[in-house]
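In terms of UniProt numbering, the sequence shown opens at residue 1 and continues consecutively.
Just so you know, even glycine gets a beta-carbon here, dropped at the ideal spot from N, CA and C.
Bear in mind the structure is a predicted one, so any value in this text is a computation, not a measurement.
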Amino acid sequence: MSFTTYSRIAIVDIGHYTGTAVLKGLSCRDFINARVFISEKRLLDDIEEFSPEFLIVIGAKTGGIKFNIDFCGDIIYSSLRLQADVIHLAQKIGVRKLILIGTSCMYPKHSLQPIKEEYLMAGQVEETSEAHALAKLAGYGMCRAYKKQFGLNATVVVPATIYGPGLHFDAENSHVISAFIKKFYDAKIASDEEVTIWGTGKARREFIYIEDLINALIYILKSEGNLDLINVGVGYDYSIQELAEIVAREVQFTGVIKNDLTAPEGVFQKLLDNTKILSTGWRSIIPFHVGVRLTYEWFREHFS
């Protein structure tokens, strides 16, 4: 199986922000036959007509804790349908390799840290992201079943929380870094004296810059291995309070950061064990503070 810059690569992302960013990253690396599919209309027909050799399934819409709670029914329905249709199509048209992007929410909420791949399905998932987690677990199960019965070469990639230029920025419904950038920027522009964040701020999260994730996907697509599941993390995390302070400093918000102690904050820690991905030769390159700065610069250029 040869993966080259001429390989036909289909990226499926109905949420479209991450998929579009991945397409841009691949194009910048001279992958000339990559295409992103962001519309459910004629989705399967369009993918089949494109006849991809490699398929990256990112999924349907998702977001932060509030979005996952408010739209849990939409999330599980759209994710299950999309995954089932696209994984089945991948087997039908004979793709060489399929990558399904999973989520660290798939792991049990009380996992040992760092979280190894073998901890999957060893306990109950976190309630605030249950719909998203269960949908991705079903996708993982389908990949395993199709590998066993049909020989589908499928790998579920579980990244740390993705951030970077080109992703979705919404103070209420985005993932936490994008949400914080929007929230603190809006507060600065409005000359607000305080910003309130959900929870105690003690929960810890690991983040991966979009360009580092793209490089990891390339390593996995090139690999001759046939892994069921692989984590892609950077090996360190930050508390939400630390993150808020980093973003506030970058945005130059000088007010007070307050905590809404009545709001949910999800599982306490989700630090991924990245031993398997490191064995491929991949390494994360972008330091966190640099990634936040680049993300904010992109946001300011496009939204200010």
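- Here the alpha carbon of Ile101 sits roughly 14 Å from the alpha carbon of Phe54.
- Around the beta carbon of Gln124, a 10 Å sphere encloses fewer than 16 other beta carbons of the protein chains shown; the residue is thus reported as exposed.
- Here Phe169 has Ser178, Ala179, Ile181, Lys182, Phe299 and Phe303 as same chain residues with Cβ atoms under 8 Å from its own Cβ, once five neighbours each way along the sequence are excluded.
- Beta-bridge analysis with DSSP links Arg42 to no other residue.
- Counted as a single uninterrupted DSSP element, the beta strand (DSSP E) harbouring Glu194 occupies residues Glu194 to Trp198.
- A direct Cα-to-Cα measurement between Cys28 and Glu297 gives close to 19 Å.
- DSSP, read as helix, strand or coil, puts Val156 in strand.
- In this structure, Val95 and Pro52 form a Cβ contact; the two beta carbons are roughly 6 Å apart against a cut-off of 8 Å.
- Between the beta-carbon of Thr155 and that of Ile99 there is about 6 Å, and that keeps the pair under the 8 Å contact cut.
- Look at Gln269 here: in three-state DSSP terms it is strand.
- Annotation: His110 to Val267 spans about 8 Å, alpha carbon to alpha carbon.
- Secondary structure of Ser174 (DSSP, three-state): coil.
- Residue pairing by DSSP places Arg35 opposite Ala10 in a beta bridge.
- Judged by DSSP secondary structure, Thr161 falls within the beta strand (DSSP E) whose first and last residues are Thr161 to Tyr163.
- In the three-state scheme derived from DSSP, where H, G and I count as helix and E and B as strand, Leu227 is classed as coil.
- Between Ile220 and Val157, the C-beta spacing is below 8 Å.
- Listed as beta-bridge partners of Ser279 by DSSP are no residues whatsoever.
- Contact check for Asn231 against Ile277 passes: the beta carbons are separated by less than 8 Å.
- Pairwise C-beta distances place the region 128–141 out of contact with the region 206–217, as fewer than three of them are shorter than 8 Å.
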